[in-house]
Each structure stands twice: as C-alpha cells, then as structure tokens.
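Numbering (mature numbering (1 follows the signal peptide of the UniProt record, and there is no 0)), first residue to last: -27 to -1, 1 to 299.
Here is the structure we will look at, set down as structure tokens.
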C-alpha cells in the first residue's frame, strides 16, 4: 500500500463506486443471481462485491434478463411456470406473471419493454409486454428452446433449440420467424459479437460460430467439458465460455476464432455475464453457491462472492448499458 492524499482518497472512493461508459461516470450496476435451490435472487452490488439484498421469487429460478439501464429485471421460474419482474431501482419484486409450462431462457429488449421467454416444454417463444404484464404473442420454435438473445442492434431475437441442435432467428419488429441454422449438439447459451453468433453446445463440447447476416455456420471451436453459457469482454476481443464439468472458463480469441486459454473458477459454473467496465466477467457457480469475478485481461479470479443455494443465473444478469437505475 501507499499513502493517498485527500484528493486521491476521494478519487479512489469514487472509482470504487462507479465505472465509465462513453466517458461518463455512472453508478456501478447490480448483478442478479438466481438461486434455484432456495427460490431466491441474490443482488450483488458490483462496486462493493457484496450481496446487498436477497429476494424471494419462488419456482426454482433459473434465467435472468436485464434492461440496458437496469431498471427492469426479469427472472424465469420454471417450476412455478411464471416470470418474476423486479424493479431495479428499489430492488423489490414488482409482479409474478404466468408464462407457459416451462419458462427457462429469456431476454429483454434494450428498454425493458418486451421480454422474450423460451418455453422449454411447449416449444414456444412467448413475447411478454412488460408494462401490461401479459403475454401478447407465442411463436413456435424448435424442440426444447433454451437460450434466448436479443441482438445488439435489437433487430433480431435468437433462440437456441436444444433438442433440434439449431438456432432460429426471429425479426424483433414483425415477430416473424426467419432462418434456422444447424449447429452443434444441444446448444444452450448464445452470444453475438460483431457479425458472429456464438452458441455453447453442451453435448458436443464445442462452440458454434454463425454468420448473423447469412445465418450460416462458419466455424466450430472445441472448448471444455459441457459448455453452457458465454460472455464477451475487452471490446469483444475475448469470449468466455463456462464449462460445467471442468469447473473452468474457456477463452476464445474472436479474431482468430480459436481457444487461447482457460480459467479455473468454482464448481459447476453456469451463468456468465460481463461487467460494463469491459474488464471483468462474473460467473455463477451452481454447486458451491458462489460467484467468481474474473479479470478478463489477466485471466485471474479477483474475488469470490458467497450467494444462495444453487446459483445458476442463466442470461444477462448484469445490465449492459448505463448501470443500474438508482
């Protein structure tokens, strides 16, 4: 340690509580971790690295989605057949809405106006109007849909059809089904970086890379054992993949489209999300009830946060944009 003057101390305190987006300092966001075995969500303040609240949601929560500003948080409860809406400003449960027979993966549009929810058992994508708190459309997709992703420009919604080994693209404006592309065996988590869609294939131990313009498979990248979910950091130059059976992250160079490293994390890692500082990724470890905070540059675990029982956090559990609305 070294001595800090009064000005430096104030700057350090500010830096601990803020991150920068586009040159503007804003409040550090919260991370929302679903704990499937105790029907709760752990709310982590990413500035302090501490759980600041635990919310009861019920129904064995699994999936998570956040609006870009963090004001709207949606949680899937597969056992309860419902979606829980959380107010990201007050960290309180806002509503519980029935959605199909097995809601699992889900995504919100940038403003949190619509939620797209995969029904794992009924093979539909449900479109939920968040303000009206009701399902406004159901779209037939492939067998046992799992991961759902709204593309960065908001134009497309992508659905991983686990048992069909495919991904379907849907027009976000018209809600019309577009192309479906075959990928590896049992795709689950999805991620878009640039013009590439990455899919983690849990049974074939690889990541499929799809050209989003043509919806064609361009590369298959071997990773660890039982890859589940993905996140990108460092300007999209690196993609991190959770490997459930290896207790690791595989690191993919997005320019070379090859694996360039791995990181040991907790036991049975599942959900993963990047912090808006673009330097850190957060990993939910299902079997030891923790979240690992990984430095994307050094590939070191910087912190381990104790959460609830059975932490899964499948989806974008940290807001992408301007931090949490406080």
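Yeah, the Cβ is synthetic: ideal placement off N, Cα and C, and Gly gets one too.
Would you say the beta carbon of residue i comes nearer than 7 angstroms to a heavy atom of the ligand GTP?
i	result
residue 190	Within the structure as shown, the ligand GTP is missing, as the structure has no ligands at all.
Distance check for residue j and residue i, CA to CA, integer angstroms please.
i	j	result
residue 26	residue 279	12 angstroms
residue 29	residue 8	10 angstroms
residue 268	residue 20	15 angstroms
residue -6	residue 207	Its pLDDT being 37, under 50, residue -6 is placed unreliably by the model, and the measurement read from it follows with that caveat. Cα-Cα distance, rounded: 15 angstroms.
residue -2	residue 137	Residue placement at residue -2 is flagged as unreliable, the pLDDT there being 41, under the threshold of 50; the coordinate-derived value follows with that caveat. When rounded, the distance between both Cα atoms is 42 angstroms.
residue 68	residue 51	16 angstroms
residue 87	residue 118	18 angstroms
residue 235	residue 122	25 angstroms
residue 1	residue 270	20 angstroms
residue 11	residue 32	9 angstroms
residue 272	residue 141	33 angstroms
residue 125	residue 71	28 angstroms
residue 160	residue 177	9 angstroms
residue 284	residue 254	16 angstroms
residue 189	residue 63	43 angstroms
residue 232	residue 105	44 angstroms
residue 261	residue 198	18 angstroms
When you compare each of the options to residue i by their alpha carbons, which one comes out closest?
i	options	result
residue 23	289, 263, 274 and 189	263
residue 194	17, 236, 182 and 202	182
residue 212	218, 204 and 165	204
residue 266	288, 260, 242 and 281	242
residue 292	251, 119 and 151	251
residue 259	132, 201, 289 and 224	201
residue 155	134, 169, 148 and 147	134
residue 256	77, 230 and 217	217
residue 220	130, 164 and 244	244
residue 147	106, 100, 71 and 191	100
residue 39	54, 58 and 53	58
residue 175	214, 104 and 144	214
residue 128	165, 230, 36 and 65	165
residue 95	42, 282, 62 and 111	111
residue 282	61, 288 and 240	240
residue 115	153, 130 and 107	153
residue 91	187, 223, 162 and 16	162
residue 102	131, 132, 47 and 143	47
residue 139	171, 108, 109 and 145	171
I need the DSSP call for residue i, collapsed to helix, strand or coil.
i	result
residue 136	helix
residue 158	coil
residue 23	strand
residue 258	strand
residue 200	strand
residue 248	coil
residue 272	coil
residue 59	strand
residue 41	coil
residue 281	coil
residue 78	strand
residue 153	strand
residue 1	coil
residue 168	coil
residue 13	strand
residue 7	strand
residue 142	strand
residue 291	coil
residue 28	strand
residue 36	strand
residue 49	strand
residue 178	coil
residue 147	coil
residue 243	strand
residue 54	coil
So residue i and residue j are in contact, right, with Cβ under 8 angstroms, and what is the actual spacing, rounded?
i	j	result
residue 80	residue 97	That belief does not hold up - the Cβ atoms of residue 80 and residue 97 are roughly 15 angstroms apart, past 8 angstroms.
residue 44	residue 75	Not quite, the Cβ-Cβ distance comes to about 27 angstroms (not below 8 angstroms), so this is no contact.
residue 179	residue 196	6 angstroms
residue 286	residue 6	5 angstroms
residue 157	residue 209	22 angstroms between Cβ atoms; not a contact.
residue 93	residue 77	4 angstroms
residue 230	residue 276	Actually they are not in contact, since the Cβ atoms of residue 230 and residue 276 sit about 30 angstroms apart, beyond 8 angstroms.
residue 36	residue 54	Not really, about 13 angstroms apart at Cβ, beyond 8 angstroms.
residue 4	residue 290	6 angstroms
At what residue ranges does the stretch 92 to 125 contain a whole run of the beta strand (DSSP E), taking only runs of 3 or more? 97 to 102, 107 to 113 and 118 to 123
Give, in chain order, every unbroken run of the beta strand (DSSP E) that is at least 3 residues long and sits entirely within the stretch 182 to 237. 189 to 195, 200 to 206, 211 to 216, 221 to 226 and 231 to 237
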